[in-house]
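The listed protein sequences correspond, in order, to chains W, X, C and F. For the first sequence, the positions run 1 to 325 when my numbering is used. For the second sequence, the positions run 1001 to 1325 when my numbering is used. For the third sequence, the positions run 2001 to 2325 when my numbering is used. For the fourth sequence, the positions run 3001 to 3325 when my numbering is used. See structure below.
There are 4 protein chains.
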Amino acid sequence: MIVTLSKGADGAAVKKQLVARGLWVERLEGAEVVAFQVSPSSRPIDSDELRSVQGVADVLLSAPAHPEVSKQSSIVKVGPHELGPGAPFAVFSGPCSIDSEERIHRLARDLAQAGATFLRGGAFKPRTSPYSFQGYGVEALKWMKQAAKDAGLAMVTECMSEATVDDVAEYADMVQIGSRNMQNYALLKEVGATGRPVMLKRGMAATVKEWLLAGEYLLMHGAGGVVFCERGIRGFDSSTRNLLDLGSVADMAHAKKVAVIVDPSHASGRLDLVPHLARAAKALGAHGAMFETHDDPGSALSDGPQALSVEAAVSLTRELTESRA
Amino acid sequence: MIVTLSKGADGAAVKKQLVARGLWVERLEGAEVVAFQVSPSSRPIDSDELRSVQGVADVLLSAPAHPEVSKQSSIVKVGPHELGPGAPFAVFSGPCSIDSEERIHRLARDLAQAGATFLRGGAFKPRTSPYSFQGYGVEALKWMKQAAKDAGLAMVTECMSEATVDDVAEYADMVQIGSRNMQNYALLKEVGATGRPVMLKRGMAATVKEWLLAGEYLLMHGAGGVVFCERGIRGFDSSTRNLLDLGSVADMAHAKKVAVIVDPSHASGRLDLVPHLARAAKALGAHGAMFETHDDPGSALSDGPQALSVEAAVSLTRELTESRA
Amino acid sequence: MIVTLSKGADGAAVKKQLVARGLWVERLEGAEVVAFQVSPSSRPIDSDELRSVQGVADVLLSAPAHPEVSKQSSIVKVGPHELGPGAPFAVFSGPCSIDSEERIHRLARDLAQAGATFLRGGAFKPRTSPYSFQGYGVEALKWMKQAAKDAGLAMVTECMSEATVDDVAEYADMVQIGSRNMQNYALLKEVGATGRPVMLKRGMAATVKEWLLAGEYLLMHGAGGVVFCERGIRGFDSSTRNLLDLGSVADMAHAKKVAVIVDPSHASGRLDLVPHLARAAKALGAHGAMFETHDDPGSALSDGPQALSVEAAVSLTRELTESRA
Amino acid sequence: MIVTLSKGADGAAVKKQLVARGLWVERLEGAEVVAFQVSPSSRPIDSDELRSVQGVADVLLSAPAHPEVSKQSSIVKVGPHELGPGAPFAVFSGPCSIDSEERIHRLARDLAQAGATFLRGGAFKPRTSPYSFQGYGVEALKWMKQAAKDAGLAMVTECMSEATVDDVAEYADMVQIGSRNMQNYALLKEVGATGRPVMLKRGMAATVKEWLLAGEYLLMHGAGGVVFCERGIRGFDSSTRNLLDLGSVADMAHAKKVAVIVDPSHASGRLDLVPHLARAAKALGAHGAMFETHDDPGSALSDGPQALSVEAAVSLTRELTESRA
């Protein structure tokens, strides 16, 4: 954003007005024109408000980059459930990989009773190594669907191939796009075209703008809503698995006004930190939290070290949803 | 940490036990020995607990890197105030630069009434450009000291030169080391030697271990306690000024068990996000929050765009400290 | 890697031997065993050499993570051309997007005469915004194939959807996987299965290990060789578009011994820096460089600002390949 | 930089002209004015050239941020030696820590014969841990001075405390500011005031602009020239110790036109990669390289694993300086 000054305006006085509104500005000068460049790390502000400031000639803006995302009602509906500003804080939980029919039924029941609304779990797994377990596929989708239905939960699971979009969309109430595929545009188009609501995880090095533009691909192609999910970006410190960027979540929830949730399991990889980070997410104004649970983490087929015990997951779910009663 | 296996032990069974305890492990094999390497992004665990696992032969650890920090009582005392685990959540507020005697007195009074315990403000300012305002120096220290005293607050201010250590230590109840000087070892030694408690801001690219080791310099040379302050690290997204790393704060508060506070003003630079991030910090278990305030942000000599109005600061202080009543 | 000491060995003497071999080590101690943990930023070393050091009991290693990549002959063949250690330095050039049949023919001729061996260009374009030009598709593939053939060049172009793998593999001599799809495993499997050699661009936040593992997916599924391409990772400084990581390229070329090339156009986005960075890549031991060219950059359908003029591209190609005569 | 359009100008035609000059632009629109915002990752361009483009009304620029750095002749003189654009490629070598009088004399002789011009070495050492060796101090300065003098080399060594500025400036021909102190403004002022030329290492998370502004502090306070040294920034991949940013070096050398050298030892920490990275630095247009050497790396008091043997250092020095004959 650029704010140009009227001829003869008092630059210092205008600057004072801009700073007082939370804008970081840098003075630019041409042969004829003086202007202030407004840094993107400024408080969002309506350009009409700026135009009314004494001494301001014009306010120059770029065209909206993601009109569909901006137009989207900030509440996203997934069956009977609502997610986003004004809706109750939502808990998503379940195992990293779906590994047993019986187990997922039991877990879904326990989570639903505690107040969770979404059952998450992987049928197709994106794994860094080709030699790691790749998921049970369609069979796991069926187990999970039935378990979610019986427990009154909505089901969310990842789609990671154009070839399985139809299968996943048939079973899932909300389709997840994983962080490694945030800019897999072919997949975004196909998943969007199913009309399902989508949970879009942030890429490991994605800017907020790139993340919103990935959501734009989904909505432009027909997605029934997009919920953004922050799951940690690439950091330089190995004491947590990734780097949880709650500043961006605050920006998404309060300034961009989109539905956004937080995944503290992948963000930290630290069993002991998951509950603290989930509480922070709620206090911040995120619209939900997603964390991994397993009734026998030592036997989990993936990500066991970050899975909460069922007891811990139930207790955390209760705490996070109790104000909803 | 390395866990070696007994001859003939069942590696898979041991791995299951480790994973179930929240440990990320990788199998290593030698000519004679099999072992698991435990990733630093694992849940902290007592090595005696691991030694008792069936099939484990030995647990290999590195020597403690920062014995003084680990030994420090996690509560830090600053005059009558206490900071850290178990102590009430502490609010630090004040202007970025101290710019007027009258202003700082009025502000101190308002903040104290709302529940703040620390008055912060800069007398010497570290500025990226040599052409920016550099602070009012000792005169500002005097104004600030008197204002804090009259209002019953403790005073914290930055020391950025070996040459002014004595001056700052004479007036400040707690000395601040800024992020740019986190590894200025000459300064750490001199400030430590004053015996004052110190607030140590994290460097923009410092790992948690480097941050703790900087604290070790302070304590080894005599500091009367160290409070760590996360103020955002360098990020790649310009929608916030820096990148607030609350995962590291959770690690510091709950696993490292040191006194740690959060500065959402420098972390975000976003007036509109400061209250949300301060709430997140409290919910996470941080021991305090520090945010900038000014009664006329447009006229502030530095960092005006991120300064809360006095009204907003008072209201946020009340909210963050109300459970203390 | 962990090096354990024999009972009674002189730890300091062993450490001296390890340090002298370029290893960064940290001492670990258990109830029974003393060991040194070797940092990954050490010089690669054969474990047998370490086992022969006086005082060393055993050397513990993890299983090879990417056996197919390690097994791959480091020379990759693409038709009559060879790429990798020992092969001549290869130049890849062409427009970002293929936008005209005539233009690509003329360009291919000019580049071939100057010494280039690969014609690059996009028929399908991955664009951050859904509103940007998405490529001319199969038609562009045909233009490009003919132009490359006529000029005696090999053709490389990006495949970004499972649905177009067959089309791209029909025309391309080497299939490119873009950085956004480096961990799109469904695509890696399909492209690998075509048997074509593949150029695998590094993801914007990918570690060297993750990059090699993505190559492993390709080879495991049948790819006829993998050439790795560094194109800049996400950085925090806006004076270049991305951050060129030549340290990783040196590691890939000399320690990992895989075929690796550099793309200074995407890495810097800076027309004026492309030739300097291409020279650095060659001096470093990279096996090729890829840079964008256009005969009318102002009219390019994508990435015009980083396209060299044909004259500049021809001159740079000559300089980089002249020692081949 | 902002380019405003004349009333009625053809925006698309102007954009084409800007793109063709290597500028990345975004269109901004106000009630009255249309403009293009030019990204900082564009080719540097003279604003007068832009003003002459048909349809351009004005070009808005910010005030020069670092006039002294820009004014500095790009050649820096250190005694009889010259560094910078047009001067011969300079080699700086020596041990990380100065640990013996005899050793440094022998080493200086060998390096000088091979073509090096600067003897580097630490008398005062910045160490992450307070328990690591901190340097031999003034005694080491004396050994080093005599060794450099006898061999006809200039001497460069780090100053890390305001208290030792006079001592270091007395002995050193060029004073080094380490990366941890790049924004230690009190030190920059004191070192600048000595009038000595200064080698300024880049901070681990410093932008190019912050680095130049730190140089501005030095020159503003009297430094007899500033040579910038890139030594790797903080990265996320542990296969090298830091992340060498040669794109920024190219920008500094060719666009900012300041004297800049590269330190591949600290950047990579990898004995095996140092020569490759030094060659890349030279090919890129850097004005010198600095690498660590030791005649018994296993016994070095710091950073032994990255020290070249004397033989390797001599050979690399010869190679890098041979075109000077």
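Ideal placement from N, C-alpha and C gives every residue a C-beta, glycine not left out.
DSSP-derived helix/strand/coil call for residue i
{"i": "residue 2154 of chain C", "result": "strand"}
{"i": "residue 3307 of chain F", "result": "coil"}
{"i": "residue 2104 of chain C", "result": "helix"}
{"i": "residue 1324 of chain X", "result": "Model confidence at residue 1324 of chain X stands at a pLDDT of 49, short of 50, so the residue's coordinates are unreliable; what they give is reported in the following sentence. It is helical."}
{"i": "residue 350 of chain W", "result": "Residue 350 of chain W cannot be examined here, being either before or after the span of chain W that is shown, 1 to 325."}
{"i": "residue 90 of chain W", "result": "strand"}
{"i": "residue 3268 of chain F", "result": "helix"}
{"i": "residue 2240 of chain C", "result": "coil"}
{"i": "residue 53 of chain W", "result": "coil"}
{"i": "residue 160 of chain W", "result": "coil"}
{"i": "residue 2317 of chain C", "result": "helix"}
{"i": "residue 213 of chain W", "result": "helix"}
{"i": "residue 192 of chain W", "result": "helix"}
{"i": "residue 43 of chain W", "result": "coil"}
{"i": "residue 2129 of chain C", "result": "coil"}
Among the options, the one whose alpha carbon lies nearest that of residue i
{"i": "residue 2270 of chain C", "options": "C/2288, C/2238, C/2301", "result": "C/2238"}
{"i": "residue 2259 of chain C", "options": "C/2310, C/2069, C/2037", "result": "C/2069"}
{"i": "residue 1080 of chain X", "options": "X/1155, X/1177, X/1059, X/1201", "result": "X/1155"}
{"i": "residue 273 of chain W", "options": "X/1246, X/1034, X/1290, X/1291", "result": "X/1246"}
{"i": "residue 1146 of chain X", "options": "X/1135, X/1100, X/1131", "result": "X/1100"}
{"i": "residue 2150 of chain C", "options": "C/2192, C/2063, C/2102, C/2319", "result": "C/2102"}
{"i": "residue 1 of chain W", "options": "W/10, W/18, W/13", "result": "W/18"}
{"i": "residue 3169 of chain F", "options": "F/3078, F/3051, F/3085, F/3252", "result": "F/3078"}
{"i": "residue 2320 of chain C", "options": "C/2281, C/2302, C/2305", "result": "C/2281"}
{"i": "residue 3076 of chain F", "options": "F/3198, F/3210, F/3202", "result": "F/3198"}
CB-CB length for residue i against residue j, believed under 8 Å
{"i": "residue 2160 of chain C", "j": "residue 2098 of chain C", "result": "Wrong, their Cβ atoms sit about 14 Å apart, outside the cutoff."}
{"i": "residue 2171 of chain C", "j": "residue 2142 of chain C", "result": "7 Å"}
{"i": "residue 310 of chain W", "j": "residue 107 of chain W", "result": "7 Å"}
{"i": "residue 177 of chain W", "j": "residue 212 of chain W", "result": "That pair is no contact at about 14 Å."}
{"i": "residue 1124 of chain X", "j": "residue 1092 of chain X", "result": "Actually they are not in contact, since the Cβ atoms of residue 1124 of chain X and residue 1092 of chain X sit about 18 Å apart, beyond 8 Å."}
{"i": "residue 2115 of chain C", "j": "residue 2293 of chain C", "result": "Not a contact, Cβ separation roughly 14 Å."}
{"i": "residue 2215 of chain C", "j": "residue 2228 of chain C", "result": "7 Å"}
{"i": "residue 96 of chain W", "j": "residue 300 of chain W", "result": "6 Å"}
{"i": "residue 2030 of chain C", "j": "residue 1059 of chain X", "result": "6 Å"}
{"i": "residue 2162 of chain C", "j": "residue 163 of chain W", "result": "6 Å"}
Per-residue burial, residue i [other beta carbons within 10 Å of its own, 16 or more giving buried]
{"i": "residue 1073 of chain X", "result": "exposed"}
{"i": "residue 3324 of chain F", "result": "Any reading at residue 3324 of chain F must be qualified, since the residue scores a pLDDT of 49, below 50, and its modelled position is unreliable; the value itself is stated next. That one is exposed."}
{"i": "residue 3179 of chain F", "result": "buried"}
{"i": "residue 1007 of chain X", "result": "exposed"}
{"i": "residue 3205 of chain F", "result": "buried"}
{"i": "residue 2037 of chain C", "result": "buried"}
{"i": "residue 54 of chain W", "result": "exposed"}
{"i": "residue 2275 of chain C", "result": "buried"}
{"i": "residue 1232 of chain X", "result": "buried"}
{"i": "residue 71 of chain W", "result": "exposed"}
Opposing strand residues paired with residue i [DSSP bridges]
{"i": "residue 2081 of chain C", "result": "C/2078"}
{"i": "residue 3004 of chain F", "result": "F/3035, F/3058"}
{"i": "residue 1245 of chain X", "result": "W/245"}
{"i": "residue 3201 of chain F", "result": "F/3229"}
{"i": "residue 1175 of chain X", "result": "X/1157, X/1198"}
{"i": "residue 3293 of chain F", "result": "F/3308"}
Chain B within 7 Å of residue i, Cβ atoms only
{"i": "residue 3026 of chain F", "result": "Although the question refers to chain B, the structure presented lacks it and instead comprises the protein chains W, X, C and F."}
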